[in-house]
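Student: A single structure is presented below for examination.
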Amino acid sequence: MKKAFAPYSNFRVGAALLAADGSVFAGCNVENASFPAGSCAERNALGAAILAGQQEFTELVVVTEADTPTPPCGICRQALVEFAPSLAVTSFGALGTSAAWSLTELLPSPFTGQSLKHA
Ligand code: THU
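Residue numbers (numbering that gives the first Met the number 0): 0 to 118.
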């Protein structure tokens with residue numbers, strides 16, 4: 000989170016993704032003057048993990064500077080469900096409180112590779 004580049008929103012986010020082999024991949028949000036070109040901490044952690052050869056994940060931890068814990072955004076939920084449909088997600092807010100969900104709970108009806116199949 001401390002390494003985040005978030006001069007536009009001033010909302011810094013850190014993410015840590017635990018792979019099935021026990022390795023952990025970190026990510027932070029990286030914003031851009033062209034706002035849609037920015038990317039979230041969660042997807043940057045996922046990209047780092049994929050690049051390192053990991054494709055199975057069990058846990059995601061998110062930390063932000065918001066007072067209360069915040070869940071991953073919708074795009075990140077969709078990106079994560081591709082690899083870990085039942086991922087355990089925990090988020091910590093700046094006041095020390097945490098919240099936990101399963102990705103299934105956060106994205107109950109995902110669009111998946113199966114959704115692309117047609118006759
Ligand atoms: N952000 C994340 O990194 N993860 C989320 O789950 C929610 C939002 C970032 C994107 C942007 O840089 C800033 O937080 C404000 O939306």
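Note that beta-carbon positions come from the ideal geometry of N, C-alpha and C, so glycine has one too.
Quickly, what does DSSP pair residue 58 with across the bridge? List them, please.
Tutor: According to DSSP, which records beta bridges pairwise, residue 58 is partnered with 17 and 87.
Student: With residue 96 and residue 68 assumed to form a contact (beta carbons below 8 Å), what rounded beta-carbon distance in angstroms separates them?
Tutor: Confirmed, Cβ separation roughly 6 Å.
Student: Considering Cα atoms alone, identify which of 17, 61 and 4 is closest to residue 37.
Tutor: It is 4.
Student: For residue 31, verify whether its CB is less than 7 Å away from any heavy atom of the ligand THU.
Tutor: Answer for residue 31: no, Cβ out of range of the ligand THU.
Student: Can you give the beta carbon distance from residue 62 to residue 91, rounded, assuming they're within the 8 Å contact cut?
Tutor: That pair is a contact at about 5 Å.
Student: Is residue 111 closer than 8 Å to residue 87 when the C-beta atoms are compared?
Tutor: Going by C-beta atoms, residue 87 is not nearer than 8 Å to residue 111.
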